[in-house]
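When the letters of the sequence shown are read in order and numbered with the UniProt record's numbering, they come out as residues 1 to 246.
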Amino acid sequence: MIDQAHVEALYDCDVIDNHGEKIGSVKQVWLEDGTGAPLWAEVHTGLFGTRQSFVPIQEGQVAGGAITVPVSKQQVKDAPSARTSADHMSDEEQEALYRHYGMIPQAKTGEHDRLGGRRGGRGTGDAAEVTLSEEKLDVGTRNVEAGRVRLVKHTVTEQRNVTVPVTHEEARVVREPAKGKPGKAFADEQAEVTLHREEPVVQKHTEAVERVRLEKDAVTEQREVKGEVRKERAEVEREGERRDRR
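Okay, here's the thing in structure tokens:
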């Protein structure tokens, strides 16, 4: 059971449902008029904690900085909203919450014992305080793969024209006076001379001409990031007076 002694410790506690799942965190505690017994916790839920839901805490258990309540997270999500005025919850709104959670409301015995809960504040005596929170942007960097680069070589065929000097032999007749004994006269005679020529011969060989490699350099550039942050503001509400915002 949760009583008045637990009120101060409930603020900012995690609220755990009956299946062990976190519902949200306590931002306000609502007390019963007259007795001051804790009735409801105003819990901030949702992805960014922007939704407010009311959770019954009379039968809750506080341990390890968290409060475990006997309802499910889905019940809290589907709970009716309550519009509070002058730090009080109307009987009709509170009865709607009792019906939603399948609870039996306490009997009404007059103005001081009515079920209209009032908001509990932190501190002792006449002092009350709340903690204001503010979101900050935490900006950092992480390494991600931007792409891959490969060094690939392939063969390209091209034509080369090279001029090569070649030599060939040609026959020519040389005449000079005969000396000595004459040869066989008036007989057919034949003489042969072999002629030679050079022809171009193409041969290829492979040699290294250059080395190519890939290197990577780190380049630092400036990037601007932006994001939305939320801030909490305190306001003092008094019956019959305008709100004093801070």
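Ideal Cβ positions, reconstructed from N, Cα and C, are used throughout, including at glycine.
According to the neighbour-count rule (16 or more other Cβ atoms, all chains shown, within 10 Å of its Cβ), is residue i buried or exposed?
i	result
glycine 60	buried
methionine 89	buried
glutamate 32	buried
threonine 45	buried
isoleucine 104	exposed
glutamine 203	exposed
proline 56	buried
valine 71	buried
alanine 82	buried
glutamine 28	buried
Does the Cβ-Cβ distance between residue i and residue j come in under 8 Å?
i	j	result
valine 76	valine 26	no
proline 80	alanine 96	yes
leucine 39	glutamine 58	yes
alanine 171	valine 156	no
glutamate 92	arginine 230	no
glutamate 215	histidine 196	no
glutamine 4	glycine 36	yes
Can you round the beta-carbon distance between residue i and residue j to whole angstroms, since I take them to be within the 8 Å contact cut?
i	j	result
threonine 167	glutamate 199	About 10 Å separates the two Cβ atoms, so there is no contact after all.
residue 268	valine 130	Outside the modelled stretch of the chain, which goes from 1 to 246, sits residue 268, for which no answer is possible.
isoleucine 67	leucine 132	That belief does not hold up - the Cβ atoms of isoleucine 67 and leucine 132 are roughly 22 Å apart, past 8 Å.
valine 219	leucine 151	So it is not a contact: roughly 20 Å between Cβ atoms.
Can you tell me where the beta strand (DSSP E) holding residue i begins and where it ends?
i	result
arginine 51	51–56
aspartate 217	Looking at the DSSP string, aspartate 217 is not in any beta strand (DSSP E), and its letter there is neither H nor E.
leucine 39	38–45
alanine 66	66–68
lysine 73	Counting along the chain, lysine 73 falls outside any beta strand (DSSP E), though it belongs to the alpha helix (DSSP H) covering 73–77.
valine 15	14–16
alanine 63	61–63
With respect to the alpha helix (DSSP H) encompassing residue i, which residues constitute its N-terminal and C-terminal limits?
i	result
aspartate 91	91–101
Original post:
Counting Cβ pairs, one atom from each stretch, are 3 or more of them under 8 Å apart for the stretch 67–76 and the stretch 8–19?
Top reply: yes
Subject >> Meets three-Cβ-pair contact criterion under 8 Å: the stretch 221–231 and the stretch 184–203 >> reply: No: fewer than three Cβ pairs fall under 8 Å.
Original post:
Are the stretch 204–211 and the stretch 168–182 touching by the rule of at least three beta carbon pairs closer than 8 Å?
Top reply: no
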